[in-house]
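Start counting the sequence shown at 505; every next residue gets the next number (this note's numbering).
Glycine included, C-beta positions come from ideal geometry on N, C-alpha and C.
Keep in mind the model is a prediction, meaning the values are calculated, not measured.
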Amino acid sequence: MAGIYGIGVQALNSAQLSLLTAEHNIANVNTPGFHRQEVLQVTNFALPSGSGYVGQGSQIESIRRLYNSHLDDQVLGASSQSQFYDTYYSAIKQIDNILADPNAGLSPSIQGFFKAVNTVANDPASIPARQVLLSGAEALVSRFQSISARLESIRNGIDTQLESVITNINSYSTQIADLNKQIVTAQSIVGQPPNDLLDQRDQLISKLNEQIRVTTVTQNDGSYNVFIGNGQPAVVGETSFTLALQDDPADPAQKNIVFAQGGGYTTIPQNLLENGGVLGGLLSFRRTSLGEAENALGRVALALAQTFNNQNKLGQDLNGVLGQDLFSIGSTSPTIYANSGNSSSGAALLTATLSSNAAGALTTSDYTLAYNSASSNYTLTQLSDGTATTIASSALPATTSYGFTIALSSGTPTNGDKWLLLPTRFGARDISVATTDPNRIAAAAPIRTAEGATNTGSANINLGSVNTASQPPLNSNLQNSVTITFTSASTFNVTDTTLGSTLATGVSYTSGGSISYNGWTVAISGVPASSDTYTIATNTGGVGDNRNALALAALQTSNKLANNSSGTPTTSYQGAYAQLLSSVGNKTRENQINSAAQQSLLSSSKNSQQQLSGVNLDEEAANLLRFQQAYQAAAKMIQVGSTLFDAILNIK
């Protein structure tokens, strides 16, 4: 009778636990991270007898959750990458919308500005036309500044988002460490896995993984060690590590992710954190697309301002003097930051300035400088491709092939000192219009050519042009009166009549050949006679002259900027801006596609995982009926045993 009772009670307990487990599954059907649980029921050892082995019923070995680490790892990987691309796409889409806007973009302002330049070229003496040009310049500068401000706002927003992400990461890490402690304690008490605590920890791991890509290692006691980046610990057992934001030692305009330990900070290589999650998407976007957009926009602004200034200084304004700068380039172009880790004793102050013709050499890259005391050399590294250039200390100030000059202003460099050089980042932000005086627009050429009234030959002199390097003070004799006198049909002398000096004698004459002195170039074609004279002098009263205005207008379609690798001007202002638009547009589309692909992969991975671990209400309803019947049958077993026992008691 004891065997009948015992087996019945065990069966009753098994059915009851199965019912409770099915009800627990149903109650948690909508609980995030819940893994379906099932009762693992095993047969008891049978007892030997003369008639054979007699069964002893069953028992519950454990209640296990239906968990597959491979499937869950697939979900984690897809989720982290999905968050990475979603974050990157959301961020870069903002830039794409700004740059491609047909009304708020840069192209309409460039076109409007050069339309005003062409108006001045058509009527160089018109003050209203000149005022329209200045207004167009102000509008162009305002557009550069507006786009730059919006990009800077996005950069500042990245820091705000990073703070939020770090807060989430630290919170999840703390909770995971606490759950590690609870799991170890609970498991040691009954020797069985605490399924619900494991689900809670896995859910926190999933949430943490969405913020930053993590890897986990299970310890013998059931706790997790959680790692980020290239193996940096986030959680080790019951200990969590705190992340923080700190000013970038190289670039004070941005913040880096660091470990906060014992009141100090441990730097993490930022590129190691770009392998997934919201944090990786933000850091990758900031380092690549945002930085490149700021630099490319600044490069267009600097190139336009410098080349327009240079051409304006080759002309003559309405006051009869050589032109000056129409645009002002901020002193922040280039900007050079000393690394905060540099030696504070006798710290070296390096400065950088744009070359006078930097437009064709500027790239969209940033640069680093590092000093080596053993060789007394600086290493200039282009960050976009890693190209390194060695500059000897003795060569400073040194003009680089990238359009800027580096100089040591003060102090003494120490071995290992570093600097970050940003040639173009602030170009669009700090450009401005240098004048409000319409008379300062140099529409005329500063020289005028003339043929002698008594010439008898058939040679003619052209209008001449100013050489591109002739702005004062490079050539202060540009507007001196110069006379070319032919001593024969094949030779001539050149005299600066303003200074009363002879510039050349017996120069061989080639019809149509270039003749260059004092910063100008002319050509004489035809057959001159001996004693024929030709003069080049100041363009006095040349208010109707539009030669330099035409040259200014031609800048719109001239190749003034280079591709990053060529070093030779290959594109116009609008061409360079179009390259920026294309680059950002392609990157936006790429991340949109990747985001959609990762969403699809994540959905597929979750479906596979849920097929094993998810709660199926139909299945659980069937289980309830099955376990109810088992419970009732077990109860009937106990009732039968009781009846049999009563029969024995009633024997007299």
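Check	Outcome
Under 8 Å between C-beta atoms of Leu1056 and Thr939	no
Beta bridge counterpart(s) of Ser1012 as assigned by DSSP	Thr995
Segments assigned beta strand (DSSP E), at least 3 residues, entirely inside the stretch 901 to 986	908 to 914, 922 to 926, 951 to 955
Residue range of the alpha helix (DSSP H) that includes Ala757	Here Ala757 belongs to no alpha helix (DSSP H), and DSSP marks it neither H nor E.
Assigned exposure category for Arg705 - 16 Cβ within 10 Å defines buried	buried
Alpha carbon of Tyr841 to alpha carbon of Gly864, nearest angstrom	24 Å
Glu714 classed as buried or exposed, judged by whether at least 16 other C-beta atoms fall within 10 angstroms	buried
Alpha helix (DSSP H) segment containing Thr836, residue limits	From DSSP, Thr836 is part of no alpha helix (DSSP H); its letter is neither H nor E.
Length of the line joining the Cα atoms of Gly640 and Asn1098	41 Å
Coarse secondary structure for Val1144, derived from DSSP in three states	helix
Leu967 versus Glu955, Asn959, Asn1111, residue with shortest Cα-Cα distance	Glu955
Contact under 8 Å by Cβ, Gly581 with Gln707	no
Whole-angstrom distance between Leu570 and Gln514, CA atom to CA atom	24 Å
CA nearest to the CA of Gly1048, picked from Asp627, Gln686, Phe648	Asp627
Pro942 vs Ile631 beta-carbon contact at 8 Å	yes
Inside the stretch 674 to 733 only - alpha helix (DSSP H) runs reaching at least 4 residues	699 to 715
Buried versus exposed call for Gly661 [16 or more other C-beta atoms within 10 Å across all chains shown]	exposed
Terminal residues of the beta strand (DSSP E) in which Ala1027 lies	1024 to 1029
Cut-off 8 Å between Cβ atoms - residues of its own chain near Ser518, not counting five sequence neighbours on either side	Val543, Gln545, Ser562, Gln563, Ile564, Ala1134, Ala1138
In DSSP terms, what Asp1036 is bridged to	None; Asp1036 has no bridge partner.
Start and end residues, beta strand (DSSP E) containing Pro552	551 to 553
Three-pair Cβ contact test at 8 Å for the stretch 646 to 659 versus the stretch 791 to 810	yes
Within 8 Å, strictly: CB atoms of Thr591 and Leu786	yes
Whole-angstrom distance between Ala946 and Leu1059, CA atom to CA atom	14 Å
Close Cβ partners of Phe908 (< 7 Å) along its chain, the five nearest in sequence each way excluded	Pro838, Ala856, Thr857, Leu858, Ser859, Ala862, Pro927
Reference Glu798; option with closest CA among Val1011, Asn1095, Leu1085, Arg1130	Leu1085
Contacting residues, own chain, Cβ-Cβ under 8 Å from Asp663 (five flanking each side not counted)	Leu749, Gln758, Lys759
Sufficient close CB pairs (3 or more, under 8 Å) joining the stretch 772 to 785 to the stretch 729 to 738	yes
CB contact flag (Ala1033, Ala993, <8 Å)	yes
Through-space distance from Ile1142 to Met505, alpha-carbon basis	Unreliable placement is indicated for Met505, whose pLDDT of 40 sits below 50; no coordinate value is reported for it.
Of the listed residues Ala807, Arg654, Ala764, nearest to Asn1063 (C-alpha basis)	Ala807
Backbone CA spacing between Gly789 and Leu783 [nearest angstrom]	Residue 789 is actually Phe in this sequence, not Gly. Roughly 10 Å separates the two Cα atoms.
Assigned secondary structure, Thr1001 (DSSP; H/G/I helix, E/B strand, else coil)	coil
Straight-line Cα distance separating Lys817 from Gly1046	16 Å
Contact check, Gly824 vs Thr1044, beta carbons under 8 Å	yes
Three-pair Cβ contact test at 8 Å for the stretch 1087 to 1094 versus the stretch 595 to 615	yes
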